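J.:
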Amino acid sequence: MTPTVSVLTARDAGLTGCTRCGRVWPEGTQACGRCGARLRRVSTAGLQRVWAWWLAGLIFYIPANLYPMLRTATLGGHQQNTILGGVVELLAHHNYLVAGVVFFASLVIPVAKFFAIAYLALSVGHERRAGSHPHLHLYEVVEFIGRWSMIDVFVVAILSALVQLGAVASIHPGPAAASFALSVAFTMLSAQSFDPRLIWRGPAQAKDP
Amino acid sequence: MTDDPHPAELKATPAPNPIWTQLSVVWLVPLLALAITLGVAWKTYSDRGVLIEIDFADATGIHPGETPLKFREVDVGKVETVGFSPDLTSVRIGVRVDKHVAPYIDAEASFWLVRPQVSAQGISRLDTVLSGTFIEGYWDATPQAEMRNFQGLAKPPVAPDPSKGTWVELRAEDAGGLAEGAPILFRGVTVGRIQNLRLNENDAGVTVDAFIEAPHDRRLTTTTRFWDTSGISVSLDATGVTLDMRSLASLVQGGIEFDTLSTGGTFVQNGFPYRLYPSSDAAKASIFGNDLIDPPHYTLLFDQAIKGLERGAKVQFRGVEAGEVTDLSIKVQTDSVGTRYAQQQVVIALSPERLGLARDTDKEVVTEFLAGEVESGLRARIAGVGLLGSTLIVELTDVPDVPAKVMNLTADPYPILPTAPAATNDLAASAEGVFKRIDALPIEQLLNSAIRTLDGISAVAESEDTRAVPGELNGLLSQLRTLVDGLNAGDAATKTIAAIDGVTEAASSVLYEIEGLGDTLKSTDAAAQAVAEMPLGDIGTKIDGILGDVRGMLGSKDAERLPRALSDTLEQTAALLGELREGGAAEKLNGTLVAAQDAATAIADASDRLPALTRKLEELVTTAEGLVASYGDRSAFNAEILNSMRELRRATAAFGSLARMIERNPRAFILGR
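Chain order of the listed sequences is A and B.
The numbering of the first sequence is this note's numbering, which starts it at 20 and goes up by one.
The numbering of the second sequence is this note's numbering, which starts it at 13 and goes up by one.
1) Roughly how many whole angstroms lie between the Cα atoms of S242 of chain B and L190 of chain B?
2) Specify, as a first and last residue, the run of the alpha helix (DSSP H) that Y353 of chain B falls within.
3) Can you tell me the Cα-Cα spacing of S168 of chain A and V117 of chain A, whole angstroms?
4) Helix, strand or coil: how does DSSP classify K417 of chain B here?
5) Roughly how many whole angstroms lie between the Cα atoms of L367 of chain B and V377 of chain B?
6) Determine the chain A residues that contact P42 of chain B at a beta-carbon separation under 7 Å, and present them in chain order.
7) Give the secondary structure of E181 of chain B by DSSP, where H, G and I count as helix, E and B as strand, and everything else as coil.
8) Scan the region 49-63 of chain A for residues whose Cβ lies nearer than 8 Å to a Cβ of chain B and list them as they occur along the chain.
9) Terminal residues of the continuous beta strand (DSSP E) containing G468 of chain B?
10) Whole angstroms are fine: how far does the CA of I360 of chain B sit from the CA of V414 of chain B?
11) Looking only at its chain, what residues have a beta carbon closer than 8 Å to the beta carbon of G65 of chain A, apart from the 5 residues adjacent to it on each side?
12) Quick check on the DSSP output: what are the complete alpha helix (DSSP H) runs of length 4 or more inside the region 83-143 of chain A, in order along the chain?
13) Exposed or buried, F173 of chain A, counting other C-beta atoms within 10 Å across all chains shown (16 or more means buried)?
14) Should P82 of chain A be flagged as near chain B, meaning a C-beta pair shorter than 8 Å?
15) Do S209 of chain A and A83 of chain A come within 8 Å of each other at the CB atom, strictly closer than that value?
16) Which of helix, strand or coil does DSSP assign to Y150 of chain B?
17) Is it buried or exposed, K296 of chain B, if we count other Cβ atoms within 10 angstroms and call 16 or more buried?
18) Would you say Q211 of chain A reaches chain B, if we count a Cβ-Cβ gap shorter than 8 Å as a contact?
19) Quick one, which residues of the region 174-202 of chain A are near chain B if we go by CB-CB under 7 Å, in chain order?
20) If you count every other CB in all the chains shown that lies within 10 Å of the CB of W54 of chain B, and 16 or more means buried, which is it?
21) Going along the chain, which residues of its own chain have a beta-carbon closer than 8 Å to the beta-carbon of L232 of chain B, five neighbours each way excluded?
22) What are the residues in the region 37-70 of chain B lying within 7 Å of chain A by C-beta distance?
23) Just verifying my parser: in three-state terms, what is the DSSP assignment at H154 of chain A?
24) Looking at the secondary structure, which residues open and close the alpha helix (DSSP H) in which G89 of chain B lies?
25) Could you give the C-beta distance for A75 of chain A and A45 of chain B, rounded to a whole number, given that I count them as a contact under 8 Å?
26) Excluding the 5 residues preceding and the 5 following P307 of chain B in the sequence, name in chain order all residues of the same chain whose CB lies nearer than 8 Å to its CB.
27) Could you compute how far the alpha carbon of P623 of chain B sits from the alpha carbon of D610 of chain B?
28) What does the alpha-carbon distance come out to for the pair V69 of chain A and S122 of chain B?
29) Out of B:D374, B:P454, B:T403, B:T409, which has the shortest C-alpha to C-alpha gap to E385 of chain B?
30) Cα separation between V161 of chain A and K132 of chain A?
31) Sorted by chain position, which residues of the same chain lie with C-beta nearer than 6 Å to P172 of chain B's C-beta, five sequence neighbours on each side aside?
32) Between E78 of chain B and chain A, is any beta-carbon pair separated by less than 8 Å?
33) Is R68 of chain A close to chain B? Criterion is C-beta to C-beta, closer than 8 Å.
34) Among the candidates A:T48, A:L110, A:M88, whose CA atom is the shortest distance from the CA of I170 of chain A?
35) For D214 of chain A, would you say it is in contact with chain B, using Cβ-to-Cβ distances shorter than 8 Å as the test?
36) At the level of alpha carbons, what is the spacing between V113 of chain B and V88 of chain B?
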């Protein structure tokens, strides 16, 4: 061990942290004495679920980008826009702010999430305690920002509910809306399945039971 | 050794954990997601339609991914690509067609762009202003060999669906005012449109396709006739100005109307050819049926001028209408010594039916028939018909004593029929002479003098003097009564026998006079009868005829003179009437009566000087009774009326003689010559 390492993990101390309230208990304790939550051991088995949700989210992300998100019917005719198409159109109308928001929320964040989760899941088990703080921040950011990806879905849902003026104008969600919502939901589940305690666990072979 | 039973150290190795027991059920989620996504992708791919390519001249309003392809107003495809043909002359539009429809799109399919159109008939497809241009296609329900490349139509077809009506072909000499899309009217109702106006390839006419919508196409039979109602027709004739305009659309685009004028036709199939007549009258009057689209034509060459012969003039075959003149032109010929001279070239069309041949006789047979007739003396010549011979026709008739000639069967474009000099129109000449004589008759004067005569009679009858006549006669009778009374009072019969005799004689002479009056009355009656028998009716009839002629004459220059002559006559008439009024016929009559009264007074005076009553008073009384009896038991008033009537009759008799004189020589009467 390098002298710079001054972090003592719960695992090193033979303790198990409560995932709900954060109180640590000696290893082997069945339930948290403070909040009553069941104490689980830190295990890489949970990574399977992370990867499964992650994959499902990725699969649904493909049609979400290929199929149209919005179907707009106005007096002038029909129009269908994919996410990227919508961004391009907004740019063409010089709505740079809205285009930026949509681009960021619907494209940058989901893609970044995929990479972030994959990175976190892959980095589990490596000896990098000293650098684990950025990992924790990354995880927190991913978990916090994940819900904002739904902004596009919300916009579609609200527009579909509001703009139903018959022949004059009507907006319907496209197939991509459902795919996108599922994709975001699955990536959120993936992020939630990730046990942040793994970040601090260190090399898997060290004290794997 | 220890007794402690120490169990052997259990060497437990963890049971091999099969990989699948370690797998989480969450892995089902991505598997399911993959299955769904792949399923959707496969369905999308398998439902993808067939891509066809349509070439258009331009792609106005076509947007890839938006513009639909419609069949019977239902979307069956969507434009995917818009590109150019390899030579850049047209736009090639790729359309993804629904795979259920694609098998029907075969070689017969047609495509066109639907845009809002503003035409003389109104604005159509306004809906496309909002929905945008779209491509419409039509194909039939029988799948054949599929095609992938099509040439789009330049404009929407008039009737994409042939099952919704009947296509017929109209052939005309010229297009007149017709334009593409012009309406076809049946009794003023638009029942179809025309399309594809084109020049005939082999001759000078034009052909146009006409589409009659169902169910109106059932009005079409083989005897239906079509005519052009383009523009405005203005005609000026004796009945006034007639302005005929069917519809605004037909004013701009022209129009065609049809009607079935005779029964007996059979229903027609698509593509049935019809002749398009230039006007309604022509359609109704033409002797050529529809089934004779191309009647046999012949050329006539005339040496003399044929001014007045027009296109459409009738051709008579031995007095029967058998065709019409279709063309007039000049043909310059060169004779044997090289002198050039012009001939009038007339082209006629003949109806074989009217020549006594079958309806569908071949042209060659008709020519052969005519050639035979020509050898036996048949010639074409110009003839005038009508009252004045001013309407020229072509006559095919046997002309006696003509040099033998044969038809030139090889002449181009039509065989040449030999001609004869125009017939001298005796009838026309004599008719003209008759007309001139009729014109010279003083009809107007005669009529006016008759009117004046009647007016004069009326004036005499109505004048105060005439009304005074009965009173004066009454006075005369009173005096007679006074005389008789005097005679009664005299009572000197014996000494006045001779005088009574004289009186008797006088009375007898009076009686005689009265009897003579009967004769006079007879003659008056006769005169009145003569007046009554005056052929006024005939005159009326003649006047009618003359008026007809005059109406016919209106176009001639002589017509201008007519009002002047009429005016002259009227002036004369007025003058004559004035004379008559100045002459004072009534005063003269009155004077006569006054004279008669004077005579009676003289008789009364004489009676005073007569000897007293004689024994012949009885006779006198008897005679007087006879006198009274001759008037019957009528009242004095009636007798007065009778007398006055007789006076009137006498006056009438005088006018009767006047009338006879007019009859004999009206002009002398009126003009005093």
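The C-beta atom is built at its ideal place from N, Cα and C for all residues, glycine as well.
Please read these numbers as outputs of a predicted model, since none were measured by experiment.
T.: Inspection of the coordinates gives the following:
1) Counting from one through the second sequence, the residue named residue 242 of chain B turns up at place 230. Counting from one through the second sequence, the residue named residue 190 of chain B turns up at place 178. Going from the Cα of S242 of chain B to the Cα of L190 of chain B covers about 7 Å.
2) Translated into the one-based positions of the second sequence, residue 353 of chain B becomes position 341. Taken as a continuous stretch (DSSP letters only), Y353 of chain B belongs to no alpha helix (DSSP H), being part of the beta strand (DSSP E) at 352-362.
3) Residue mapping note: residue 168 of chain A aligns to position 149 of the first sequence, counting from 1. Residue mapping note: residue 117 of chain A aligns to position 98 of the first sequence, counting from 1. The alpha-carbon atoms of S168 of chain A and V117 of chain A are separated by roughly 14 Å.
4) If you number the second sequence from 1, residue 417 of chain B lands on position 405. K417 of chain B: coil per DSSP, three-state reduction.
5) For the purposes of this step, residue 367 of chain B is taken as residue 355 along the second sequence, with counting starting at 1. For the purposes of this step, residue 377 of chain B is taken as residue 365 along the second sequence, with counting starting at 1. If you take the alpha carbons of L367 of chain B and V377 of chain B, they lie about 11 Å apart.
6) Within the second sequence, numbered from 1, the residue matching residue 42 of chain B stands at position 30. Under the 7 Å cutoff, chain A gives A71, L74, A75, I78.
7) As a position in the second sequence, residue 181 of chain B is number 169, starting the count at 1. E181 of chain B: strand per DSSP, three-state reduction.
8) none
9) The count along the second sequence starts at 1 and reaches residue 468 of chain B at position 456. Here G468 of chain B belongs to no beta strand (DSSP E); instead the alpha helix (DSSP H) covers 455-474.
10) Working through the second sequence from its first residue, we reach residue 414 of chain B at position 402. Working through the second sequence from its first residue, we reach residue 360 of chain B at position 348. Using only the alpha carbons, I get a separation of about 22 Å.
11) As a position in the first sequence, residue 65 of chain A is number 46, starting the count at 1. Once the five neighbours on either side are set aside, the close Cβ partners of G65 of chain A are S212, F213, D214, L217.
12) 102-111, 115-122, 128-142
13) Here residue 173 of chain A refers to the residue found at position 154 when the first sequence is read from its first residue. Under this definition F173 of chain A is an exposed residue.
14) Position 63 of the first sequence, counted from the start, is the residue given in the question as residue 82 of chain A. Yes, contact with chain B.
15) Stepping through the first sequence from its first residue, residue 83 of chain A is reached at position 64. Stepping through the first sequence from its first residue, residue 209 of chain A is reached at position 190. No; because the gap between Cβ atoms is not below 8 Å, this pair is not in contact.
16) Your numbering for residue 150 of chain B matches position 138 in the second sequence. Looking at Y150 of chain B - three-state DSSP - the assignment turns out to be strand.
17) One-based indexing of the second sequence puts residue 296 of chain B at position 284. K296 of chain B is exposed by the Cβ-count criterion.
18) Position 192 of the first sequence, counting from 1, holds the residue named residue 211 of chain A. No, because no Cβ of chain B sits closer than 8 Å to the Cβ of Q211 of chain A.
19) none
20) Within the second sequence, numbered from 1, the residue matching residue 54 of chain B stands at position 42. W54 of chain B is exposed by the Cβ-count criterion.
21) As a first step, residue 232 of chain B must be located in the second sequence, where it is residue number 220. For L232 of chain B, where only same-chain residues beyond five positions count, the Cβ hits under 8 Å are T178, V180, I224, F270, T272, F279, V280, F284.
22) V38, W39, V41, P42, A45, L46, T49, V52
23) Start at 1 with the first residue of the first sequence, and residue 154 of chain A comes out as number 135. Helix at H154 of chain A.
24) Position 77 of the second sequence, counted from the start, is the residue given in the question as residue 89 of chain B. Premise fails: G89 of chain B lies in the beta strand (DSSP E), 86-96, not in any alpha helix (DSSP H).
25) Reading the first sequence from its first residue, position 56 is the one you call residue 75 of chain A. Reading the second sequence from its first residue, position 33 is the one you call residue 45 of chain B. Confirmed, Cβ separation roughly 4 Å.
26) As a first step, residue 307 of chain B is located in the second sequence; it is residue number 295 there, counting from the start. Once the five neighbours on either side are set aside, the close Cβ partners of P307 of chain B are F300, G335, A361, L362, S363, P364.
27) Translated into positions along the second sequence, residue 623 of chain B becomes position 611. Translated into positions along the second sequence, residue 610 of chain B becomes position 598. Confidence at P623 of chain B is low in this model, with a pLDDT of 48, below 50, so the placement of that residue should be treated as unreliable; the coordinate-derived value is given next. When rounded, the distance between both Cα atoms is 22 Å.
28) What you label residue 69 of chain A is simply residue 50 of the first sequence in a count that begins at 1. What you label residue 122 of chain B is simply residue 110 of the second sequence in a count that begins at 1. Approximately 58 Å, taken between the alpha carbons.
29) As a first step, residue 385 of chain B is located in the second sequence; it is residue number 373 there, counting from the start. Closest option to E385 of chain B, Cα to Cα, is B:T409.
30) Counted from its first residue, the first sequence places residue 161 of chain A at position 142. Counted from its first residue, the first sequence places residue 132 of chain A at position 113. Cα to Cα, V161 of chain A sits roughly 6 Å from K132 of chain A.
31) Indexing the second sequence from 1 puts residue 172 of chain B at position 160. Once the five neighbours on either side are set aside, the close Cβ partners of P172 of chain B are Y150.
32) The count along the second sequence starts at 1 and reaches residue 78 of chain B at position 66. Yes, contact with chain A.
33) By one-based count along the first sequence, residue 68 of chain A stands at place 49. Cβ-Cβ to chain B under 8 Å: yes for R68 of chain A.
34) Here residue 170 of chain A corresponds to residue number 151 of the first sequence, with the count starting at 1. Of A:T48, A:L110, A:M88, the residue nearest in Cα terms is A:M88.
35) Here residue 214 of chain A corresponds to residue number 195 of the first sequence, with the count starting at 1. Closer than 8 Å: no.
36) Along the second sequence, read from residue 1 onward, the residue named residue 113 of chain B stands at position 101. Along the second sequence, read from residue 1 onward, the residue named residue 88 of chain B stands at position 76. Straight-line Cα distance between these residues: approximately 7 Å.
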